[in-house]
Amino acid sequence: MLRESIRRSTLILDDVGCDELKALGNLIQGLRFGSKVIVTSEDVYKLKTNGINKIYKVVFPSKEEALQISSYAAFGQKSPPRSYVVKAVEVAKFVAPFPLGLKVLGSSFRGKSKDEWMVKVPKLGTYFENNNQDIEKVIRFAFDGLSDTQKNTLHGLVSSMRCGRDVNNTTFTFMECVKLRRD
C-alpha cells in the first residue's frame, strides 16, 4: 500500500486498539498529502494519547428519531400507522442507538400484516436476551426471515463478491434466474 502513495487515499479503521494506533503512525507518514484516515474507537482517551486531535463524537438518534428511522424502513412514512405504534416502538427499542440496525429491522417488517408483527416482535426479543444490543443479532433476525430463494440469492451474491466478480452483473444474472423460475 505504501507504494501506492502517489494517490490520495481514504483509510477507515474500525475499533482500533493502542498497538494498532502506534503501528498506524508509519503507514500514515507514507500516505500522500490530502489523504484521509478515519479511526473509530469508543475510548477517546486512547485516541488523544496517540496524537489524534480531530475527534468527532457521534450522536446516536433519540428515541423519536429511532422510531422515525424504523418507520421509514417498515412503512415508508415518518411514523407508524396507529394500529402498529406499540409494536413499532418495541422494535425500535431493540437497536435504538444503531441507525443501520433500525433500517434492517424496519425493512424486515415491511409489508407484514399486524398479525405477523404480533408474532415476530416477541420472537425478535429472544435475539436480544440480556438486553444485549448487537448488530449481528439484527442481521441474523432479518436473515432468518428471508425465504429460501432469497437466502440462496444472497449467498450467491456474497460468494460472487468474495471471488472478485462484478456485483452488478451478478445481481442482474440472479434476477434473471429468479424471473425464469417464476415463469
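Using my numbering, read the sequence shown as starting at 638 and increasing by one per residue.
C-beta atoms are modelled at their ideal positions from N, C-alpha and C, and glycine is treated no differently.
Model, not experiment: these values are computed from the prediction.
Best match in the options for proximity to residue i [C-alpha to C-alpha]
i	options	result
Leu-684	Arg-719, His-792 and Leu-650	Leu-650
Ile-689	Tyr-764, Ser-699 and Leu-661	Leu-661
Phe-778	Lys-751, Lys-760 and Pro-718	Lys-760
Phe-667	Val-722, Ile-776, Glu-702 and Arg-644	One detail in the question is off: residue 667 reads as Gly in this sequence, not Phe. Comparing Cα-Cα distances from Gly-667 to each of Val-722, Ile-776, Glu-702 and Arg-644, the minimum goes to Arg-644.
Lys-749	Lys-774, Glu-773, Phe-765 and Ser-720	Ser-720
Glu-679	Lys-774, Lys-673, Gly-654 and Ile-776	Gly-654
Counted within 10 angstroms of its Cβ, other Cβ atoms place residue i as buried (16 or more) or exposed
i	result
Gln-705	buried
Leu-791	exposed
Lys-724	buried
Phe-746	buried
Leu-742	buried
Where residue i sits in the DSSP three-state scheme
i	result
Thr-686	helix
Thr-786	helix
Thr-677	coil
Ala-711	helix
Ser-650	The sequence shown places Leu at residue 650, not Ser. Residue state, collapsed to three classes: strand.
Integer Cβ distance of residue i from residue j, believed to fall under 8 Å
i	j	result
Leu-664	Asn-687	About 13 Å separates the two Cβ atoms, so there is no contact after all.
Q.
Tell me whether the stretch 692 to 706 and the stretch 731 to 738 touch, counting them as touching only if at least three CB pairs, one residue from each stretch, are closer than 8 Å.
A. yes
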